[in-house]
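Below is one structure, written out as structure tokens, with a few remarks after it.
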Amino acid sequence: MRRIGTRLLVLAGLLALAACEMGPEITPAKMVQTPDAERIRAAYPTFARIAQIEGKVWMRCAYTLDGLVERCRKRGVAPEGLNFDKGIPGLLADYIVEPQTINGRRAPGEIDFLIHFAPPSAPPTWEGEPVTDDERRAARRLVTAQLGLVDRYGDRGNAHRTVAIDRYQAVADMLDQAFAAEGDARNEAMAYALIQAMTPEERRAFRRGGFGGASTYEMEAVSPELFAVNARIAKRIRDEYCAAYPCAATRPGT
21 MRRIGTRLLV LAGLLALAAC EMGPEITPAK MVQTPDAERI RAAYPTFARI AQIEGKVWMR
81 CAYTLDGLVE RCRKRGVAPE GLNFDKGIPG LLADYIVEPQ TINGRRAPGE IDFLIHFAPP
141 SAPPTWEGEP VTDDERRAAR RLVTAQLGLV DRYGDRGNAH RTVAIDRYQA VADMLDQAFA
201 AEGDARNEAM AYALIQAMTP EERRAFRRGG FGGASTYEME AVSPELFAVN ARIAKRIRDE
261 YCAAYPCAAT RPGT
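All letters in the sequence shown, in the order written, are residues 21 to 274 by the working numbering.
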């Protein structure tokens, strides 16, 4: 019996030694919640979004046992000069981490992750009620009357201020030329998009002379006509900009 007991003690000691040599059992942390498309779009720098230039920001954050990120540092951004990192602080609350576990218990740590700004995909073919000529004409009058103010004080008018300061004037010129080239086509597409983004109730009110407004985001998301015009504008700007400045979304140093 003593021999058996001794052997068991030796075996237990060997198993404990093997466990020490193997180290703790660690399950890596993983990201379980990220910002939705609308939140990413809101943080997408305006000029880069209009020009449909892709951007990436590489981040490293610590996280709490509850999965909230903290003490975040930027590890890289590409392309430079377009301020892709500027809106990141407003997004960080949307990230939730499943913390790493060490021997089955949650433990604090750090996690690396990528924030990717990508141009939108084209909306599906419009399958709603066709836009009538009367609706289109009414919407066109509204767009013609209002679009100048929207462009002056909205995204279009301020887009050049979302790039590096030494590029302000060059970018402003690119925007002016590209939008002027598509002026009439854009007005017509905006008229269609205004109707397409309305709810049925808003559309009935619009026919009676009321107005059901829609955000630019809602209009772009549903209107193939507006998407096509914006894509042409974007290509013209992007081709000119990327001929003058770096546009590759490749991590610096790789």
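We put the CB at the ideal spot given by N, CA and C, even for glycine.
- When we look at the beta-carbon of Asp193 and count the other beta-carbons within 10 Å, is it buried (16 or more) or exposed? In the sequence shown, counting from the first residue as 1, residue 193 sits at position 173. Asp193 should be labelled exposed.
- Task: Return helix, strand or coil for Met51, following the three-state DSSP convention.
- Result: By one-based count along the sequence shown, residue 51 stands at place 31. Residue state, collapsed to three classes: strand.
- Reference Pro257; option with closest CA among Ala179, Gly273 and Ala209: Counting from one through the sequence shown, the residue named residue 257 turns up at place 237. According to the sequence displayed, residue 257 carries Ile and not Pro. Residue Ala179 is the option with its Cα nearest to Ile257.
- Message: Taking only three categories from DSSP, how would you classify Tyr83?
- Response: In the sequence shown, residue 83 corresponds to position 63, counting from 1. Strand, per DSSP.
- Query: In terms of DSSP beta bridges, what is Ala71 paired with?
  - Reply: Taking the first residue of the sequence shown as 1, we reach residue 71 at position 51. For Ala71, which the question treats as bridged, DSSP gives no partner whatsoever.
- At least 3 beta-carbon pairs within less than 8 Å: the region 53 to 60 vs the region 73 to 80: no
- Query: Per DSSP, Asp132 forms a beta bridge with which residues?
  - Reply: On the sequence shown, residue 132 is found 112 positions in, with the first residue counted as 1. According to DSSP, which records beta bridges pairwise, Asp132 is partnered with Arg80.
- Member of Leu102, Arg271 and Ala241 whose CA lies at the smallest distance from the CA of Val183: Start at 1 with the first residue of the sequence shown, and residue 183 comes out as number 163. With distances taken between Cα atoms, Val183 lies closest to Leu102.
- Item | Nearest neighbour of Pro144, chosen from Ala241, Ala205 and Val117 [CA to CA] | For this step, residue 144 is matched to residue 124 along the sequence shown. Ranking the options by Cα distance to Pro144, first place goes to Ala241.
- Ala63 versus Leu111 - alpha carbon distance: As a first step, residue 63 must be located in the sequence shown, where it is residue number 43. As a first step, residue 111 must be located in the sequence shown, where it is residue number 91. Cα to Cα, the separation comes out at about 8 Å.
- Under 8 Å between C-beta atoms of Ala165 and Phe247: Along the sequence shown, one-based indexing puts residue 165 at 145. Along the sequence shown, one-based indexing puts residue 247 at 227. No; because the gap between Cβ atoms is not below 8 Å, this pair is not in contact.
- Query: Can you tell which of Phe199, Ala190 and Thr54 has its C-alpha closest to the C-alpha of Tyr115?
  - Reply: Residue 115 sits at position 95 when you count from the first residue of the sequence shown. Of the candidates Phe199, Ala190 and Thr54, the one whose C-alpha sits nearest the C-alpha of Tyr115 is Thr54.
- Item | Neighbour-count burial assignment, Glu149, 16 or more Cβ in a 10 Å radius | Here the question's residue 149 lines up with position 129 in the sequence shown. That one is exposed.
- Check whether the Cβ atoms of Tyr188 and Val151 sit closer than 8 Å, and answer yes or no. Sequence index remark: in the sequence shown, residue 188 carries index 168 (1-based). Sequence index remark: in the sequence shown, residue 151 carries index 131 (1-based). Their beta carbons are not under 8 Å apart, which means Tyr188 does not touch Val151 by this criterion.
- What are the boundary residues of the alpha helix (DSSP H) that includes Gly203? Looking up residue 203 in the sequence shown gives position 183. Per DSSP, Gly203 belongs to the alpha helix (DSSP H) from Gly203 to Gln216.
- With distances taken Cα to Cα, identify the nearest neighbour of Ile135 among Thr66, Val249 and Trp78. Stepping through the sequence shown from its first residue, residue 135 is reached at position 115. Nearest in C-alpha terms to Ile135, of all of Thr66, Val249 and Trp78, is Trp78.
- What does a CB cutoff of less than 7 Å around Glu130 pick up in its chain, not counting 5 residues either side in sequence? As a first step, residue 130 is located in the sequence shown; it is residue number 110 there, counting from the start. Hits under 7 Å: Arg80, Cys81 and Ala82.
- From what residue to what residue does the beta strand (DSSP E) around Cys92 run? Residue mapping note: residue 92 aligns to position 72 of the sequence shown, counting from 1. Where Cys92 is concerned, the enclosing beta strand (DSSP E) stretches over Val89 to Ala98.
- Message: Please return the same chain residues whose Cβ sits closer than 8 Å to the Cβ of Met239, not counting the five positions on each side in sequence.
- Response: On the sequence shown, residue 239 is found 219 positions in, with the first residue counted as 1. Met210, Ala213, Leu214, Gln216, Ala217 and Leu246, listed in sequence order.
- Got a sec, what are the start and stop residues for the alpha helix (DSSP H) Ala277 sits in? A question about residue 277 goes unanswered here, because the residues of the chain that appear run from 21 up to 274.
- Item | Pair within 8 Å by beta-carbon distance, Pro128 and Leu85 | Stepping through the sequence shown from its first residue, residue 128 is reached at position 108. Stepping through the sequence shown from its first residue, residue 85 is reached at position 65. In this structure, Leu85 lies closer than 8 Å to Pro128 by Cβ.
- Task: State buried or exposed for Glu155, treating a residue as buried only when at least 16 other CB atoms are found within 10 Å of its CB.
- Result: If you number the sequence shown from 1, residue 155 lands on position 135. That one is buried.
- Query: Hey, Gln120 and Pro48: beta-carbon distance below 8 Å or not?
  - Reply: The residue you call residue 120 lines up with position 100 of the sequence shown. The residue you call residue 48 lines up with position 28 of the sequence shown. Yes, the pair counts as a contact, with Cβ atoms nearer than the cut-off.
- Hey, how far is the Cα of Ile185 from the Cα of Glu100? Taking the first residue of the sequence shown as 1, we reach residue 185 at position 165. Taking the first residue of the sequence shown as 1, we reach residue 100 at position 80. Going by the C-alpha atoms only, they are around 12 Å apart.
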